[in-house]
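Novice: Pasting a structure here, questions to come.
Number of protein chains: 4
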Amino acid sequence: MRVGVLTGGGDCPGLNAVIRAIVRKGVQEYGYDFTGFRDGWRGPLDNDTVRLDIPAVRGILPRGGTILGSSRTNPLKERDGIRRIQENLAELEVEALIVIGGEDTLGVAARLSGEYAVPCVGVPKTIDNDLSATDYTFGFDTAVGIATEAIDRLHTTAESHMRVLVCEVMGRHAGWIALHSGLAGGANVILIPEQRFDVEQVCAWVTSRFRASYAPIVVVAEGAMPKDGDMVLKDQTLDSFGHVRLSGVGEWLAKEIEKRTGNEARTTVLGHVQRGGTPSAFDRWLATRFGLHAIDCVRDGDFGTMVALRGTDIVRVPLADATARLKTVDPKLYEEVGVFFG
Amino acid sequence: MRVGVLTGGGDCPGLNAVIRAIVRKGVQEYGYDFTGFRDGWRGPLDNDTVRLDIPAVRGILPRGGTILGSSRTNPLKERDGIRRIQENLAELEVEALIVIGGEDTLGVAARLSGEYAVPCVGVPKTIDNDLSATDYTFGFDTAVGIATEAIDRLHTTAESHMRVLVCEVMGRHAGWIALHSGLAGGANVILIPEQRFDVEQVCAWVTSRFRASYAPIVVVAEGAMPKDGDMVLKDQTLDSFGHVRLSGVGEWLAKEIEKRTGNEARTTVLGHVQRGGTPSAFDRWLATRFGLHAIDCVRDGDFGTMVALRGTDIVRVPLADATARLKTVDPKLYEEVGVFFG
Amino acid sequence: MRVGVLTGGGDCPGLNAVIRAIVRKGVQEYGYDFTGFRDGWRGPLDNDTVRLDIPAVRGILPRGGTILGSSRTNPLKERDGIRRIQENLAELEVEALIVIGGEDTLGVAARLSGEYAVPCVGVPKTIDNDLSATDYTFGFDTAVGIATEAIDRLHTTAESHMRVLVCEVMGRHAGWIALHSGLAGGANVILIPEQRFDVEQVCAWVTSRFRASYAPIVVVAEGAMPKDGDMVLKDQTLDSFGHVRLSGVGEWLAKEIEKRTGNEARTTVLGHVQRGGTPSAFDRWLATRFGLHAIDCVRDGDFGTMVALRGTDIVRVPLADATARLKTVDPKLYEEVGVFFG
Amino acid sequence: MRVGVLTGGGDCPGLNAVIRAIVRKGVQEYGYDFTGFRDGWRGPLDNDTVRLDIPAVRGILPRGGTILGSSRTNPLKERDGIRRIQENLAELEVEALIVIGGEDTLGVAARLSGEYAVPCVGVPKTIDNDLSATDYTFGFDTAVGIATEAIDRLHTTAESHMRVLVCEVMGRHAGWIALHSGLAGGANVILIPEQRFDVEQVCAWVTSRFRASYAPIVVVAEGAMPKDGDMVLKDQTLDSFGHVRLSGVGEWLAKEIEKRTGNEARTTVLGHVQRGGTPSAFDRWLATRFGLHAIDCVRDGDFGTMVALRGTDIVRVPLADATARLKTVDPKLYEEVGVFFG
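Chains as they are written, first to last, in the UniProt record's numbering: chain V, 1 to 342; chain Y, 1 to 342; chain G, 1 to 342; chain D, 1 to 342.
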């Protein structure tokens with residue numbers, strides 16, 4: 001039996017760990033052959049493949065990125081996309097496809113599986129942790145660790161100078177990284193996309209913090225937005241979905257705080273640093289187990305499913321469930337964490 | 001209302017994060033006063049207390065160790081232990097006691113709560129992750145991260161020299177640290193206390209690894225034991241429970257491998273490095289949430305319970321359940337991981 | 001004999017290591033007493049002191065920041081500044097003053113020592129490494145390490161996506177951090193304040209890099225400036241010295257690259273993350289030895305001097321030399337490193 | 001012109017950085033071709049070569065180990081060793097040889113250069129930092145950083161338990177790693193091979209430390225030796241040079257301390273963890289500059305020389321000087337550091 005593997009969407013530490021686990025178990029225990037597809041869905045579309053055997057996966061466990069390459073190519077938007085994939089898989093004699101990706105990539109897998117009988121197994125991947133149906137996605141723990149370490153370092157400066165320190169972290173639609181790293185780093189304010197913030201409230205927290213102790217640290221997700229009145233027209237941009245966005249929210253907020261409180265403010269924008277480098281031990285554990293269970297799904301002929309974490313178990317869920325809706329931060333959890341604000 | 005807090009047993013990153021969360025929420029939201037007891041159960045036995053208010057917990061989130069000190073004092077073994085604790089709590093007007101500890105410390109809390117009506121809430125703590133009733137304990141993720149980083153570094157040497165590298169990690173009765181760090185670090189052999197190992201099998205894995213690729217890395221829990229025939233009398237010691245033990249198993253195994261395979265072997269013994277330093281972001285998150293929920297148990301008058309992690313939720317379980325039996329590695333999980341051996 | 005100690009200027013990992021070494025050796029070997037002055041020169045100006053003895057310096061070696069606090073107060077600009085300092089030192093019976101600081105702070109010490117017979121010993125401090133007369137200043141190695149780790153992480157993304165990654169690091173007047181971290185991190189372009197850059201040249205390197213291999217990483221010091229024609233009026237700001245500056249050069253450059261090459265570009269701005277947290281082992285070694293030698297200067301009555309690193313030796317140089325001119329990057333060294341551009 | 005490159009001796013972070021710099025500059029600026037020899041001197045002996053061009057060195061800067069492999073093969077001890085090397089170099093048309101190694105490897109280069117007219121340039125490498133004629137060797141800073149981080153973590157346990165913590169670090173003949181990491185980590189006792197230690201003195205420091213503050217941390221180089229009377233016959237082994245050695249000095253010392261002071265003691269043996277993994281930013285900087293200057297030596301026809309660090313400059317010294325004697329810790333420096341003992 002020949003199994004195809006592809007990785008789609010943005011970079012995420014742990015992708016290689018999944019690939020390695022799939023191949024090691026598939027070859028050693030089940031005697032499968034593998035075909036790697038290059039650059040996500042572009043690979044099966046263009047019949048662009050990579051050798052994928054045990055030597056190919058040696059030493060990749062701790063490495064960030066993906067040996068298969070990635071892209072955001074969507075075959076549903078390509079002319080004859082589905083048919084070309086079907087033909088290429090048939091030609092290569094690929095009888096099952098393991099698809100490692102986030103919402104978009106898995107969404108395609110769900111439709112291919114459901115409507116076109118392409119036998120897909122999904123593995124959830126996003127540093128943003130916003131996929132439903134799994135407790136965590138790999139890559140998230142690494143990103144939170146990097147952001148937390150940065151916030152830790154900001155405390156030193158906060159202790160010796162009277163400056164507000166704003167740290168912008170990833171998270172366009174979900175505030176998980178901001179919430180976890182802000183809590184773990186002991187931030188004084190955490191702002192997430194799920195809840196529009198009130199600049200005056202932020203300034204009040206900043207001011208009360210100065211009175212109580214040393215300088216405040218504000219963690220803000222890149223997708224966090226001020227309340228309507230706070231933002232003027234020139235601050236806005238439209239993103240690719242046509243939504244109003246505030247690009248550079250960290251820098252914007254620092255300036256507003258300076259203007260309104262009179263305190264100096266400085267910004268750190270972590271950017272892609274959060275999604276690079278070696279995965280954390282947790283993410284390697286999770287990614288490896290996802291890989292081991294994904295190949296078991298193939299062996300069981302259990303297609304249209306996605307592997308998922310539930311507590312300490314790896315379970316199988318319908319692919320369609322995973323991509324049905326974004327997993328955002330529960331208001332109750334945000335409120336629980338709010339005890340540390342100000 | 002006045003609430004007492006104590007930390008017992010071995011060192012564990014995250015203890016301070018729990019204490020901080022308890023005090024921050026207890027003071028700010030519920031208006032409680034706190035009494036810190038020094039050195040675990042010795043504190044309430046000897047009426048040895050520490051000031052515990054918001055200034056006392058400032059800045060402690062990222063710090064390892066515990067500001068309250070710890071000990072292995074067991075009041076059940078002290079003359080009049082229970083009575084002295086009851087009297088001291090009464091005198092100090094402490095109406096609830098939050099007990100942060102492992103099996104032994106919580107075992108005392110379970111009996112005090114159950115048999116003597118001392119209102120206790122438990123918070124599970126052990127880097128060994130061997131407490132039942134919770135998915136993970138804080139401190140474990142940090143220990144796994146440290147061990148994984150060490151194993152990562154050993155790979156470099158393994159790649160350029162023909163030496164077997166043995167890495168001894170913590171875990172007297174449960175192999176969780178060995179299993180997680182060995183998997184995350186890409187070890188070629190993982191040995192755990194739950195399953196006696198066969199030195200010949202280890203040597204076979206070592207030899208096959210040399211043939212397939214670069215030098216093997218063997219991760220061994222300190223409590224792992226060879227099969228009976230492998231160990232001769234002079235290798236044995238009796239531990240404090242009267243059990244046969246093999247102290248220095250890493251060094252012992254390295255010598256056996258050298259003797260039997262003719263390959264040089266080198267040992268790393270991480271020791272207490274694994275339980276020190278700042279907690280990982282995951283452990284800070286978990287420890288903080290445990291603290292927030294423990295103080296909620298107090299507010300709800302929900303005594304005799306322990307907070308526990310289930311998936312992404314913090315739940316409450318009976319204290320007695322948590323300490324009823326050690327959570328050891330499931331043979332099926334060990335087998336799942338075995339695909340990477342050799 | 002009573003010795004005063006103060007720390008001035010910006011935050012810098014290693015300040016506490018210097019203070020600890022001074023006090024440990026001063027008390028244990030010479031029997032001195034110490035007075036800590038709070039917040040740099042503000043301390044002796046306002047007679048604001050801190051207890052400074054062996055218990056006060058316990059455990060501070062690995063901690064960033066300064067237990068004495070810091071400020072940019074300049075007594076030469078204060079009414080009666082010199083006289084107030086002289087009177088306060090006399091009143092406190094402080095017979096020698098150890099001044100830990102950068103260009104400004106040490107400049108004051110040089111004048112107080114030279115013109116007003118205040119017995120000062122200087123210890124050089126700046127993460128920017130731009131002080132003459134010493135091979136390195138402490139704090140610099142830590143900052144370079146943090147920036148290098150960030151650049152390492154950007155490589156992963158650079159490998160899998162076709163995006164230019166711009167990383168803005170500290171360095172207003174000297175490019176040492178950019179040069180060292182850029183080289184150590186394998187950056188493809190390094191831009192420093194010492195040499196105005198040509199945006200077209202940067203774009204040419206970016207384009208050639210894309211052709212040769214994976215996506216380019218551009219490291220830019222915050223004080224780097226484009227050639228005159230490249231920057232239009234609205235991009236400019238005037239800094240506190242009245243110099244034209246380009247604030248947010250990283251973000252500015254990313255936009256220019258996008259505009260001119262058509263490639264997407266993303267920015268990371270490390271900011272104060274670079275000057276916080278625990279000092280590297282190198283900086284602790286250097287800072288500690290500076291402290292040990294500074295107190296020896298006091299014992300020898302060798303005032304008006306600064307301790308400095310020459311090779312592996314700590315030597316003494318005239319304070320005036322150290323602050324005479326900024327140590328900037330030698331064009332030959334920049335050219336040496338240029339072999340890796342593009 | 002064709003240039004050969006080899007790496008000999010033990011593993012050391014930074015080897016790949018040297019190789020990359022040599023090839024990048026040699027190809028881009030001077031148009032040279034390169035031949036990589038596999039496994040140190042074994043390569044030119046057995047005519048075992050590796051392709052070495054710009055694609056071969058891509059991405060290797062941050063990787064530990066060496067892409068050329070290494071060995072301790074000594075051609076002076078091989079039959080016809082010199083002649084075979086001369087013939088193989090002639091056959092391959094290799095006109096210059098860059099030799100990256102420690103005392104042994106460079107000693108061969110010195111003799112080949114001096115007595116047999118083989119045009120060699122040396123690059124000093126040893127994590128032990130015991131090569132004369134250079135301020136530092138690359139790999140040392142990385143090893144010190146790893147050991148310091150481990151010692152940092154031990155402090156947490158030392159703070160909360162009454163246990164002596166012994167940390168054994170590398171250094172058979174020179175105590176540089178112990179000295180630097182012990183100082184940077186705030187150890188209370190540092191023991192080095194250069195000076196035999198008195199167990200009673202160590203116990204006195206341990207005991208005084210317990211009185212003054214929290215539990216003591218003892219850093220001991222693997223080559224440190226007790227005074228004659230302290231060690232009994234059964235403790236001794238003979239090393240490959242026929243010298244008396246005490247293998248497992250850390251564990252041995254812990255037991256002696258327990259026996260003599262009655263305090264529990266625990267041991268950490270870092271082992272090969274110290275020489276693995278990615279090089280520090282300092283080591284990458286140094287290794288890269290060594291490589292750039294080594295290829296300049298080739299271009300200048302300056303053979304029989306070694307590149308070396310002096311302050312912030314890279315200079316050239318006779319190969320023979322570098323290997324003439326071991327650079328050990330100066331007793332004055334050890335005494336300087338002694339202020340922190342006890």
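Yeah, the Cβ is synthetic: ideal placement off N, Cα and C, and Gly gets one too.
Could you give the uninterrupted runs of the alpha helix (DSSP H) lying entirely in the segment 82-165 of chain G, keeping only those of 4 residues or more?
Specialist: You should have 103-116, 140-160.
Novice: In or out: residue 247 of chain V buried (at least 16 other Cβ within 10 Å) or exposed?
Specialist: Classification for residue 247 of chain V: exposed.
Novice: Counting C-beta neighbours from all protein chains within 10 Å, is the total for residue 39 of chain Y 16 or more, i.e. buried, or is it exposed?
Specialist: It is buried - the Cβ of residue 39 of chain Y has at least 16 other Cβ atoms within 10 Å.
Novice: Please say whether residue 116 of chain V and residue 82 of chain V have beta carbons closer to each other than 8 Å?
Specialist: Yes, the pair counts as a contact, with Cβ atoms nearer than the cut-off.
Novice: Mapping the DSSP letters down to three states, classify residue 254 of chain D as helix, strand or coil.
Specialist: Residue state, collapsed to three classes: helix.
Novice: List, in order along the chain, the chain G residues whose C-beta lies closer than 9 Å to that of residue 316 of chain D?
Specialist: Within 9 Å Cβ-Cβ: nothing; residue 316 of chain D doesn't reach chain G, min ~15 Å.
Novice: Report buried or exposed for residue 76 of chain G, applying the criterion of at least 16 other Cβ atoms within 10 angstroms of its Cβ.
Specialist: Result: exposed.
Novice: Can residue 189 of chain D and residue 341 of chain D be called in contact, C-beta distance under 8 Å?
Specialist: A contact, by the Cβ cut-off of 8 Å.
Novice: Let me confirm a value: residue 292 of chain V is counted as buried when at least 16 other C-beta atoms fall within 10 Å, else exposed. Which label applies?
Specialist: Its Cβ being crowded by 16 or more others within 10 Å, residue 292 of chain V is buried.
Novice: Name the one or two DSSP bridge partners that residue 306 of chain V has.
Specialist: DSSP lists V:122, V:317 as partners of residue 306 of chain V.
Novice: On a Cα-Cα basis, can you pick out the residue from V:274, V:210, V:126, V:302 that is closest to residue 151 of chain V?
Specialist: Here the closest residue by C-alpha is V:274.
Novice: Using a Cβ-Cβ cutoff of less than 6 Å, which residues in the same chain neighbour residue 290 of chain Y once the five nearest sequence positions on both sides are dropped?
Specialist: For residue 290 of chain Y, where only same-chain residues beyond five positions count, the Cβ hits under 6 Å are 18, 123, 307.
Novice: Return the CA-CA distance between residue 166 of chain V and residue 43 of chain Y, expressed in angstroms with no decimal places.
Specialist: Their backbone Cα atoms lie some 41 Å apart in a straight line.
Novice: Any Cβ of chain V within less than 8 Å of the Cβ of residue 62 of chain Y?
Specialist: Taking Cβ atoms only, chain V reaches closer than 8 Å to residue 62 of chain Y, which makes this a yes.
Novice: Assuming contact is defined by CB atoms lying nearer than 8 Å, are residue 131 of chain G and residue 66 of chain G in contact in what I supplied?
Specialist: No, they are not a contact pair.
Novice: Whose Cβ in chain D lies nearer than 7 Å to the Cβ of residue 269 of chain Y?
Specialist: By Cβ distance, chain D contributes 267, 268, 269.
Novice: May I ask which residues mark the beginning and end of the alpha helix (DSSP H) holding residue 27 of chain G?
Specialist: Counting along the chain, the alpha helix (DSSP H) containing residue 27 of chain G begins and ends at 15-30.
Novice: Taking any Cβ of chain G, which residues in the segment 176-191 of chain D have a Cβ under 7 Å from it, in chain order?
Specialist: Answer set for the segment 176-191 of chain D: 180, 181, 183, 184, 186.
Novice: Out of curiosity, what's the CA-to-CA distance linking residue 80 of chain G and residue 207 of chain V?
Specialist: Cα to Cα, residue 80 of chain G sits roughly 33 Å from residue 207 of chain V.
Novice: Which first and last residues belong to the beta strand (DSSP E) in which residue 220 of chain V is found?
Specialist: First-last of the beta strand (DSSP E) with residue 220 of chain V: 217-221.
Novice: Quick one: residues in its chain with C-beta nearer than 6 Å to the C-beta of residue 97 of chain V, no 5 flanking neighbours on either side, listed in chain order?
Specialist: The residues are 4, 120.
Novice: Counting only Cβ pairs nearer than 7 Å, list the residues of chain Y close to residue 273 of chain D.
Specialist: Going along chain Y in sequence order, the residues near residue 273 of chain D (Cβ under 7 Å) are 150, 153, 154, 268.
Novice: Can you look up residue 6 of chain V in the DSSP assignment and give me helix, strand or coil?
Specialist: In this structure, residue 6 of chain V counts as strand in the three-state DSSP scheme.
Novice: Are residue 101 of chain D and residue 171 of chain D closer than 8 Å when you measure CB to CB?
Specialist: Against a cut-off of 8 Å, the Cβ pair of residue 171 of chain D and residue 101 of chain D comes out as no contact.
Novice: Are there 16 or more other CB atoms within 10 angstroms of the CB of residue 225 of chain G, so buried, or fewer, so exposed?
Specialist: Buried, because 16 or more other Cβ atoms sit within 10 Å of the Cβ of residue 225 of chain G.
Novice: Per the contact definition of three or more C-beta pairs closer than 8 Å, is the segment 144-162 of chain Y in contact with the segment 54-71 of chain D?
Specialist: Output reads yes: the segment 144-162 of chain Y touches the segment 54-71 of chain D.
Novice: Quick one: what does DSSP say residue 232 of chain V is sitting in, helix, strand or coil?
Specialist: Residue state, collapsed to three classes: coil.
Novice: Residue 128 of chain Y: which of Y:336, Y:328, Y:337 sits nearest, CA to CA?
Specialist: Per the Cα distances, Y:328.
Novice: Which residues, in chain order, does the segment 282-315 of chain G contribute to contact with chain D at a C-beta distance below 7 Å?
Specialist: Within the segment 282-315 of chain G, the residues whose Cβ lies closer than 7 Å to some Cβ of chain D are 282, 284, 285, 288, 292, 310, 311, 312, listed in chain order.
Novice: Could you tell me the alpha carbon to alpha carbon distance between residue 282 of chain D and residue 13 of chain Y, rounded to whole angstroms?
Specialist: For residue 282 of chain D and residue 13 of chain Y, the distance between alpha carbons rounds to 30 Å.
Novice: Using a Cβ cut-off of 7 Å, which residues of the segment 92-114 of chain D contact any Cβ in chain Y, in chain order?
Specialist: Those would be none; no residue qualifies.
Novice: Does any residue of chain G bring its CB to less than 8 Å from the CB of residue 236 of chain D?
Specialist: It does not: the Cβ of residue 236 of chain D has no partner Cβ on chain G nearer than 8 Å.
Novice: If we ignore side chains and look at the alpha-carbon of each, how far apart do residue 230 of chain D and residue 259 of chain D end up?
Specialist: C-alpha separation (whole angstroms): 13 Å.
Novice: For a test of the three-state rule: what should DSSP assign to residue 295 of chain D, helix, strand or coil?
Specialist: The answer is helix: DSSP assigns residue 295 of chain D an H, G or I state.
Novice: Would you kindly report the start and end of the unbroken beta strand (DSSP E) that includes residue 356 of chain Y?
Specialist: Chain Y is shown only over 1 to 342; residue 356 of chain Y falls outside these bounds and no answer can be derived.
Novice: For residue 332 of chain Y, count the other beta carbons within 10 Å of its own beta carbon; 16 or more makes it buried, fewer makes it exposed. Which is it?
Specialist: It is exposed - the Cβ of residue 332 of chain Y has fewer than 16 other Cβ atoms within 10 Å.
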